[in-house]
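Going by the UniProt record's numbering, the sequence shown opens with residue 1, and the numbers climb by one from there.
Ideal Cβ placement from N, Cα and C applies to all residues, glycine included.
Bear in mind the structure is a predicted one, so any value in this text is a computation, not a measurement.
Following: one structure in structure tokens, then a few remarks.
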Amino acid sequence: MDLIKVEDQNKDQEVPLLSSDHTIIKLRDTAEQNFVQKAMNQTFKSTAHLANLLPTGTVLAFHLLAPIFTNQGHCDPISRSMASALVALCGLSCFLLCFTDSIRDGSGNVIYGVATLRGLWIIDGSVCVLPELREAYRLKFMDFLHAFMSVLVFAAVALFDQNVVDCFYPAPSEQAKEVLSSLPVGVGVMCSMFFVTFPSKRHGIGFPLSVN
Numbered sequence: 001m002d003l004i005k006v007e008d009q010n011k012d013q014e015v016p017l018l019s020s021d022h023t024i025i026k027l028r029d030t031a032e033q034n035f036v037q038k039a040m041n042q043t044f045k046s047t048a049h050l051a052n053l054l055p056t057g058t059v060l061a062f063h064l065l066a067p068i069f070t071n072q073g074h075c076d077p078i079s080r081s082m083a084s085a086l087v088a089l090c091g092l093s094c095f096l097l098c099f100t101d102s103i104r105d106g107s108g109n110v111i112y113g114v115a116t117l118r119g120l121w122i123i124d125g126s127v128c129v130l131p132e133l134r135e136a137y138r139l140k141f142m143d144f145l146h147a148f149m150s151v152l153v154f155a156a157v158a159l160f161d162q163n164v165v166d167c168f169y170p171a172p173s174e175q176a177k178e179v180l181s182s183l184p185v186g187v188g189v190m191c192s193m194f195f196v197t198f199p200s201k202r203h204g205i206g207f208p209l210s211v212n
């Protein structure tokens with residue numbers, strides 16, 4: 001009887017050890033899930049932050065059409081060509097819209113125009129900008145830098161889209177995966193620092209309007 005009790009005591013002592021192992025495994029699984037969730041949240045936050053630097057309509061059109069044109073990431077030659085055209089057109093839109101600006105007329109209505117070397121050219125020709133105001137809206141070298149950076153930002157946003165990545169890189173190597181995961185982050189950080197240091201003073205088509 002004593003031997004049986006000893007064995008029972010040993011069994012009772014072994015149970016907590018097994019349960020602790022299961023607890024460690026569960027903690028590891030929970031830690032891995034938390035890491036994946038944090039990485040996904042960081043990706044979504046990075047995409048949202050970069051999208052704020054781009055024209056709203058262009059970004060919205062890209063996110064709506066990208067899953068359709070890429071066939072949810074399963075591209076054939078035709079869908080890959082359509083996806084390439086979508087990325088190219090959206091990038092061109094981001095570049096050109098950086099040269100647009102807006103003013104308010106006497107009634108407070110917002111009127112859009114295009115910045116030129118001679119000043120702001122009103123698209124619909126509804127108002128005539130005074131010469132002294134036209135000089136303040138003329139095209140500058142910084143506009144080209146902002147346009148170039150906007151294209152880079154859009155490229156980063158496009159690389160954050162998993163459908164686009166799966167379309168152009170269906171079976172990437174390990175090195176390609178590292179580049180595809182780190183390059184958009186690096187470009188986003190660099191462009192964000194540029195826009196913070198040299199903010200654009202224009203409020204063109206698709207960009208937020210100022211109070212004035």
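If you draw a straight line from the C-alpha of residue i to the C-alpha of residue j, how long is it?
{"i": "T116", "j": "L96", "result": "12 angstroms"}
{"i": "D166", "j": "P172", "result": "9 angstroms"}
{"i": "A66", "j": "R202", "result": "28 angstroms"}
{"i": "C75", "j": "F168", "result": "8 angstroms"}
{"i": "P131", "j": "R104", "result": "16 angstroms"}
{"i": "M190", "j": "S200", "result": "16 angstroms"}
{"i": "residue 259", "j": "P184", "result": "Residue 259 cannot be examined here, being either before or after the span of the chain that is shown, 1 to 212."}
{"i": "Q72", "j": "V153", "result": "22 angstroms"}
{"i": "G91", "j": "V187", "result": "15 angstroms"}
{"i": "I25", "j": "V59", "result": "Bear in mind that a pLDDT of 48 at I25, under 50, signals an unreliable position, so the number given afterwards is only what the model happens to contain. Answer to the nearest angstrom: the Cα atoms are 42 angstroms apart."}
{"i": "I78", "j": "D161", "result": "19 angstroms"}
{"i": "G206", "j": "L159", "result": "22 angstroms"}
{"i": "L53", "j": "M149", "result": "10 angstroms"}
{"i": "G204", "j": "E135", "result": "17 angstroms"}
{"i": "T70", "j": "N109", "result": "39 angstroms"}
Along the alpha helix (DSSP H) that carries residue i, what are the first and last residues, could you check?
{"i": "T58", "result": "56-69"}
{"i": "L133", "result": "131-136"}
Compare the Cα-Cα distances from residue i to each of the options and report the closest residue.
{"i": "K140", "options": "L120, S150, V157", "result": "L120"}
{"i": "S107", "options": "F99, S126, L89", "result": "S126"}
{"i": "A85", "options": "A61, H146, P55", "result": "A61"}
{"i": "Y137", "options": "T197, Y112, A147, P170", "result": "Y112"}
{"i": "F195", "options": "A176, F144, L64", "result": "F144"}
{"i": "A147", "options": "F198, V179, L133", "result": "F198"}
{"i": "residue 228", "options": "L180, P170, V179", "result": "The first residue shown for the chain is 1 and the last is 212, placing residue 228 beyond what the model contains."}
{"i": "L180", "options": "M193, V164, C94", "result": "V164"}
Taking DSSP's pairing of strands, which residues face residue i in a bridge?
{"i": "K120", "result": "Correcting the residue type first, residue 120 is Leu in the shown sequence and not Lys. L120 is bridged to A115."}
{"i": "S102", "result": "Y112"}
Which residues mark the beginning and the end of the beta strand (DSSP E) in which residue i is found?
{"i": "I78", "result": "That residue, I78, is in no beta strand (DSSP E); its alpha helix (DSSP H) goes 77-97."}
Indicate, with yes or no, if the ligand SAM has a heavy atom lying under 6 angstroms from the CB of residue i.
{"i": "E132", "result": "Among the components modelled here there is no ligand, and therefore nothing to report on the ligand SAM."}
*What are the start and end residues of each continuous alpha helix (DSSP H) run of 4 or more residues lying completely inside the segment 151-198, in chain order?*
162-168, 174-197
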